[in-house]
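To start, the structure under review is shown below, and the notes come after it.
In mature numbering (1 follows the signal peptide of the UniProt record, and there is no 0), the protein residues as written are -18 to -1, 1 to 306.
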């Protein structure tokens, strides 16, 4: 134990190269041929430090007080780390794919075509005219699945999502000059522990009747697997833009929000007529600008997400916009 502590202490003061906020198991190195590994589990680092040499390895980040280093992945030097399905899918979908996010205006603004190619509109059986009504949002997470909010599938009118529209930013017309993909919903899968009053586990999957065809305007998103929620969050939706007239936006809109302290958020909601509480597994976020932006009716099921600073990955999706 004393040796390991000495190694850690020496390494903390010998490493000068930093990769940024990466975690154990993330790929690193010039060609992503290495893995981020705890310094105590990296044989090449331990061996060099035993010889009182500087390892010269790049720093991925920290896990508590332990440094995470960019360790060789050759042979049996680094133990194999189980990779979550979502992480493996993210690497697969990210190949040759980057997103050019445009500058944000704090108050909701229309997005650009292809800026958020994983956004999905969730539709319900026809209105009086027999047309599909688009009342919720979702995120394409694979060729056959869209992630949305459970309360978009468990409704007072008992209507279930029947259609998903992909690849469009103009939901009701052709001003975006693209043909979207309308795919029927084959199956609705609601979280078994969804609690509609407390809004707990407010998550559902929509299995599509056929695979989405990926192109410049239709892509899958990366699901976030990291615990820390940083600032700079993005919300998306086609929801209500005028609460008095209940006018909905026909164009996909984006806004910029920040994480908000749960205790303060709870006080605000408990003082409201709904007396709704926020739980520690939920996220509270709002705009800090003078002109506030937020989600509204019709934005349910859409994402709250953070832009990944690594060029090789798609924007990571955080827990979706459930209610507010």
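We put the beta carbon where it would ideally sit given N, CA and C, even for glycine.
- Bridge pairing for residue 43: 50 [DSSP].
- Distance from the Cα of residue 106 is smallest, within the candidate group 29, 141, 179, 172, for 141.
- In the structure shown, residue 30 falls within a helical segment according to DSSP collapsed to helix, strand and coil.
- Judged by their CB atoms, residue 70 and residue 126 are not nearer to each other than the 9 Å cut-off.
- Here the alpha carbons of residue 237 and residue 118 stand approximately 17 Å from one another.
- Cβ-Cβ distances below 6 Å link residue 185 to 132, 173 in the same chain, with the five nearest sequence neighbours on each side left out; the list follows chain order.
- Between residue 234 and residue 262, the gap from beta carbon to beta carbon reaches 9 Å or more.
- Counting along the chain, residue 164 sits inside the beta strand (DSSP E) bounded by residues 163 to 172.
- Taking the CA atoms as reference points, residue 39 sits about 45 Å from residue 151.
- DSSP, read as helix, strand or coil, puts residue 192 in coil.
- Annotation for residue 16: 9, 10, 52, 53, 54, 55 place their beta carbon closer than 8 Å to its own, counting only its chain and skipping 5 residues before and after.
- DSSP places residue 119 inside the beta strand (DSSP E), whose first and last residues are 115 to 122.
- CA-to-CA, the gap between residue 96 and residue 4 works out to about 27 Å.
- In the displayed model, residue 67 falls within a helix according to three-state DSSP.
- Following the DSSP letters along the chain, one finds residue 235 inside the beta strand (DSSP E) bounded by residues 235 to 241.
- The Cβ neighbour count for residue 143, taken over all protein chains shown within 10 Å, is at least 16; the residue is labelled buried.
- Residue 147 is classed as buried because its beta carbon has at least 16 other beta carbons within 10 Å across all chains shown.
- In the displayed model, residue 183 falls within coil according to three-state DSSP, outside both helix and strand.
- Residue pairing for residue 100: DSSP places it in no beta bridge.
- In the three-state reduction of the DSSP assignment, residue 244 falls in the helix class, which pools H, G and I.
- Annotated as proximal: residue 99 and residue 201, with beta-carbon spacing under 9 Å.
- Close CB contacts of residue 135 within its chain, under the 7 Å cut and outside five residues either way in sequence, are with 142, 143, 170, 172, 186 (chain order).
- The continuous beta strand (DSSP E) containing residue 219 extends over residues 215 to 219.
- Residue 160 and residue 149 do touch by the CB rule: their CB atoms are close to 6 Å apart, below 8 Å.
- Straight through space, the alpha carbons of residue 137 and residue 188 are spaced by roughly 15 Å.
- The closest CA to that of residue 94, considering only 27, 35, 157, is found on 157.
- Secondary structure of residue 74 (DSSP, three-state): helix.
- Counting the other Cβ atoms within 10 Å of the Cβ of residue 230 gives 16 or more, which makes it buried.
- Here DSSP, grouped into helix, strand and coil, assigns residue 21 to helix.
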